[in-house]
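Numbering (this note's numbering), first residue to last: 20 to 489.
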Amino acid sequence: MVLLHVLFEHAAGYALFAVREVEEIGLLLPQVRAVPAGIRLHFHALVKGLSAQSASKAQLGLGHSYSRAKVKFNVNRVDNMIIQSISLLDQLDKDINTFSMRVREWYGYHFPELIKIVSENYTYCRLAKFIGNRKELSEESLEGLEEIVMDGAKAQAILEASRSSMGMDISPLDLINIESFSSRVISLSEYRKGLQEYLRSKMSQVAPSLSALIGEVVGARLISHAGSLTNLAKYPASTVQILGAEKALFRALKTRGNTPKYGLIFHSTFIGRAAAKNKGRISRYLANKCTIASRIDCFSEVPTSVFGDKLREQVEERLAFYETGEPPRKNLDVMKEAVVEASEVVAEVKRKQEKKEKKKKKREKRRLEALAAAAEEEEVREGAGWGAGVGGLEPSPAAGREKRDVGLVLSLGFPSGKRPGAQEEEEEEEEAAGRRGRIGAGAGGGLGAGGERAGGRDLAQEEKETHGRG
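Here you go:
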């Protein structure tokens with residue numbers, strides 16, 4: 020490692036500083052801060068053999084390399100989509116609950132008995148849209164009711180309640196608005212189901228071990244609360260344990276009371292299954308395993324759910340140990356099994372990726388061969404057309420070579436449409452053609468002059484013969 024120094028000129032003379040000393044002095048003297056900037060600006064003048072253009076290219080290349088290193092990520096493992104999806108899922112839950120209560124209150128004026136028979140919001144909205152005016156219900160509608168509620172006895176109870184309902188009559192216009200609003204609530208509920216499936220598939224790609232351990236929804240909430248999967252992997256187990264209970268923690272610290280035992284991980288099934296006296300211990304153990312799973316998901320090249328399944332088995336064994344006293348397996352033994360299984364899964368995934376790459380290369384090779392064959396066919400067709408042209412003229416070698424070059428260049432992917440060196444060959448052909456033209460012109464002129472002289476001798480001979488006969 021080379022230690023860099025900076026020569027600084029001031030009123031008392033010159034001073035030589037190391038780079039670290041320059042940074043420290045720059046905090047006190049604003050003039051010193053401009054020294055590295057000036058060196059960077061005039062670096063091409065300070066270094067021999069380095070031009071300003073080369074320095075600019077080097078800076079541009081460095082910027083591109085740095086940007087590629089920072090932006091390099093797998094699009095299938097972006098955790099931003101998980102954060103947005105879980106936030107939208109929570110918002111949809113609130114909105115659907117509010118809108119369903121509005122439909123119940125609105126349609127309850129006409130058919131109040133339906134609220135007691137059906138408790139689920141989605142089913143109630145479907146029934147409100149299907150029934151409409153309760154006075155129009157008949158035995159023919161029983162099959163449709165059974166299809167919605169999935170219970171014959173409940174469908175029969177709805178039919179009987181509609182005949183003796185205490186609700187008020189409703190106008191057709193009000194009924195149209197209720198049915199329209201019910202349709203909107205139904206569409207929101209169906210979209211929520213699709214969004215939950217999307218979140219499940221996304222979590223299996225980004226954090227499969229965390230999903231297998233604690234579930235997709237709770238794992239997504241942890242990632243969203245931490246800000247990213249990387250931030251969650253950096254947290255210690257004690258922070259993950261109370262993640263989401265910050266208000267209770269600070270309130271307990273302020274009042275010197277008992278700190279919370281769990282935060283978002285309370286929604287997992289393990290905390291609910293544990294006894295009251297073991298909830299704190301299970302929460303601490305589960306937070307430890309969540310931290311391990313998040314770090315495996317964050318820093319592994321090929322994501323797999325093998326470690327998450329093994330960690331879940333460990334939590335189950337620890338839960339059984341608290342209840343029955345059966346000793347669980349050692350963590351070292353479980354991790355050895357997980358490593359063996361994960362290596363097999365990773366090898367299988369890599370084999371599939373290699374097969375895909377080979378197929379992709381074969382398709383690209385066939386495409387290039389097809390382009391080359393098309394270029395050759397076009398060259399042959401053009402050559403035949405030139406041979407049968409006007410006056411029996413044949414194409415010049417340069418034209419055929421140019422066609423072949425264009426086909427080759429297109430198949431190789433040169434953007435200019437010409438292979439490198441084609442321009443120089445064209446210029447050489449033009450010079451050769453010019454030389455041939457000059458030689459032909461000279462020969463033609465000589466022949467013309469000779470013919471003219473021959474014609475003059477013939478006229479003189481005829482005159483002599485004419486005078487002799489006279």
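Ideal Cβ placement from N, Cα and C applies to all residues, glycine included.
Remember, it's a predicted structure, so these values are computed and weren't measured experimentally.
For A231 versus S324, is the C-beta spacing smaller than 8 angstroms?
Yes, the pair counts as a contact, with Cβ atoms nearer than the cut-off.
Since F289 and I301 are thought to touch, with beta carbons under 8 angstroms apart, how far apart are those beta carbons, to the nearest angstrom?
The Cβ separation is near 6 angstroms, so the contact holds.
With distance defined between alpha-carbon atoms, name the residue in K329, K296, A294, K298 nearest to K308.
The option with the nearest alpha carbon to K308 is K329.
Is there contact here, the segment 162-177 with the segment 95-112, by at least three beta-carbon pairs under 8 angstroms?
Too few Cβ pairs lie closer than 8 angstroms, so no.
With burial defined as no fewer than 16 other Cβ atoms inside 10 Å of the residue's Cβ, what is the status of S138: buried or exposed?
With fewer than 16 Cβ atoms within 10 Å of its Cβ, S138 is classed as exposed.
Measuring only the C-alpha atoms, how far is S199 from T142?
Taking the straight line joining both Cα atoms gives about 15 angstroms.
Indicate whether the contact test is met: 3 or more Cβ pairs, each with one atom in the segment 273-287 and one in the segment 221-231, closer than 8 angstroms.
With the cut-off at 8 angstroms, the segment 273-287 and the segment 221-231 do not touch.
Determine whether the Cβ of L268 lies closer than 8 angstroms to any Cβ atom of chain D.
Checking the listed chains, one finds no chain D in this structure; it contains a single protein chain.
Using the rule of at least 16 other Cβ atoms within 10 Å of the residue's Cβ for burial, across every protein chain shown, is L412 buried or exposed?
The predicted model places L412 with a pLDDT of 46, which falls under 50 and marks its position as unreliable; any figure quoted below should be read in that light. The residue in question, L412, is exposed, as its Cβ has fewer than 16 Cβ neighbours within 10 Å.
Nearest-angstrom Cα distance between E155 and W125?
So the alpha carbons of these two residues sit roughly 19 angstroms apart.
Taking DSSP as the reference, what is the three-state secondary structure of E367?
Correct three-state label for E367: helix.
Using the C-alpha atoms, what's the distance from P227 back to K377?
Approximately 28 angstroms between the Cα atoms of the pair.
Quick check: what's the CA-CA separation for P346 versus A312?
The alpha-carbon atoms of P346 and A312 are separated by roughly 23 angstroms.
Give the list of continuous beta strand (DSSP E) stretches no shorter than 3 residues that lie fully inside the segment 100-167.
Complete beta strand (DSSP E) runs here, min 3: none at all.
Enumerated in chain order, which unbroken segments of the alpha helix (DSSP H) with a length of 4 residues or greater are wholly contained in the segment 277-356?
As far as the segment 277-356 is concerned, its whole alpha helix (DSSP H) runs of at least 4 residues are 288-292, 298-318, 325-343.
Given this structure, state the Cα-to-Cα distance separating T117 from R240, to the nearest angstrom.
Going by the C-alpha atoms only, they are around 22 angstroms apart.
Can you check which of these residues, R348, G151, E336, is closest to Y128 by C-alpha distance?
Among R348, G151, E336, the Cα nearest to that of Y128 belongs to G151.
What residue from A361, N250, Y341, A245 has the CA that sits closest to L262's CA?
Of the listed residues, the one whose Cα sits closest to L262 is A245.
Kindly indicate which three-state DSSP category Y210 falls into: helix, strand or coil?
Y210 falls in the helix class under three-state DSSP.
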